[in-house]
Amino acid sequence: MTLNNKSRENIIRETVKLVQKNGYAGTSIQDIIKKSKAPKGSMYYYFPKGKDDMIGSSLDKIDAEFQKKFKNAVASCENLSCTLTTLVDLFKHKEKVYGTPSFRLTLLALETIGQDPVVAEKCSDILKSWKKLLAESIENVGIDAEVSENISEWFFTTVQGSICASVIQDDTAFMKVADQSIKLVQNMDAEALKEMFS
Numbered sequence: 025m026t027l028n029n030k031s032r033e034n035i036i037r038e039t040v041k042l043v044q045k046n047g048y049a050g051t052s053i054q055d056i057i058k059k060s061k062a063p064k065g066s067m068y069y070y071f072p073k074g075k076d077d078m079i080g081s082s083l084d085k086i087d088a089e090f091q092k093k094f095k096n097a098v099a100s101c102e103n104l105s106c107t108l109t110t111l112v113d114l115f116k117h118k119e120k121v122y123g124t125p126s127f128r129l130t131l132l133a134l135e136t137i138g139q140d141p142v143v144a145e146k147c148s149d150i151l152k153s154w155k156k157l158l159a160e161s162i163e164n165v166g167i168d169a170e171v172s173e174n175i176s177e178w179f180f181t182t183v184q185g186s187i188c189a190s191v192i193q194d195d196t197a198f199m200k201v202a203d204q205s206i207k208l209v210q211n212m213d214a215e216a217l218k219e220m221f222s
């Protein structure tokens, strides 16, 4: 990696940290400059559209990190409970790192839908790809494809709702809702799951 690439990657890395902790409005160019220790001129050299370019690149990095970590962790799962728990554990790990639930793309999409539709649409596209990945992982443990898609939609909505509640109320205890939701389905057989999620 060249010096220039290192500088660009450092800006993206610090933007990832800031946007996951502070959201869109709470992340300013000044914050990014301060945290990355990059000259202001280099910001606009690498990211000519300014903050939105940086946010877009940070979302790409968040997406890549999520997909890599989830795929690696879920590979050994043999049942639905393990698959869903793996997803929740990934979010909880980020909570420990940032002190707030991260991968919080639903909140970021809601925050930007009026002021920056491009960022909001990117968040929406990433969330769709994550739901697809979860559905494929559920199908891999022997559950019908259509049922897997519906479980993924339900569970991702539950997890993102838990994250939103945790951030709004400043209380990470709301993440327990995701754990409680797993208990609802962990002992269901294929027929029961099909009846509930078809």
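Under the numbering used here, the first residue of the sequence shown is numbered 25, with each subsequent residue one higher. The beta carbon of each residue, even a glycine, is placed where N, CA and C say it ideally should be.
What is the DSSP secondary structure of residue i, counted as helix, strand or coil?
i: Cys101; result: coil
i: Ser153; result: helix
i: Leu91; result: The identity of residue 91 in the sequence shown is Gln, whereas the question assumes Leu. Of the three classes helix, strand and coil, the one that applies to Gln91 here is helix, per DSSP.
i: Thr182; result: helix
i: Thr51; result: coil
i: Thr26; result: Residue placement at Thr26 cannot be trusted, given a pLDDT of 48 that sits under 50; the coordinates are not used to answer.
i: Val165; result: coil
i: Arg128; result: coil
i: Gly74; result: coil
i: Ile57; result: helix
i: Ile79; result: helix
In whole angstroms, what separates the C-alpha of residue i from that of residue j?
i: Ser66; j: Glu102; result: 48 Å
i: Ala62; j: Arg32; result: 9 Å
i: Leu157; j: Leu111; result: 11 Å
i: Val183; j: Gly80; result: 23 Å
i: Lys30; j: Lys146; result: 25 Å
i: Ala144; j: Leu83; result: 11 Å
i: Ser153; j: Gln54; result: 32 Å
i: Lys200; j: Trp178; result: 16 Å
i: Thr107; j: Ser205; result: 13 Å
i: Lys207; j: Phe221; result: 16 Å
i: Asp195; j: Ala189; result: 8 Å
i: Phe90; j: Glu219; result: 31 Å
i: Asp217; j: Tyr68; result: Sequence inspection shows Leu at residue 217; the Asp mentioned does not correspond to that position. If you take the alpha carbons of Leu217 and Tyr68, they lie about 51 Å apart.
i: Leu132; j: Met78; result: 14 Å
i: Lys93; j: Lys116; result: 13 Å
i: Lys85; j: Lys45; result: 15 Å
Looking at the unbroken alpha helix (DSSP H) that takes in residue i, where does it start and where does it end?
i: Val209; result: 200-209
i: Gly65; result: 64-70
i: Lys218; result: 214-221
State the CB to CB distance for the pair residue i and residue j, rounded to an integer number of angstroms; the pair is presumed to be in contact (CB under 8 Å).
i: Gln210; j: Leu104; result: 7 Å
i: Asp76; j: Val142; result: 7 Å
i: Ile167; j: Ala214; result: 7 Å
i: Ile187; j: Arg128; result: 5 Å
i: Asp203; j: Ile150; result: Going by Cβ atoms, the distance from Asp203 to Ile150 rounds to 24 Å, so no, they are not a contact pair.
i: Glu38; j: Ser60; result: 4 Å
I want to see whether chain C comes within less than 9 Å of residue i, judged by CB atoms only; does it?
i: Glu177; result: Of the protein chains in the structure, only one exists, and it is not chain C.
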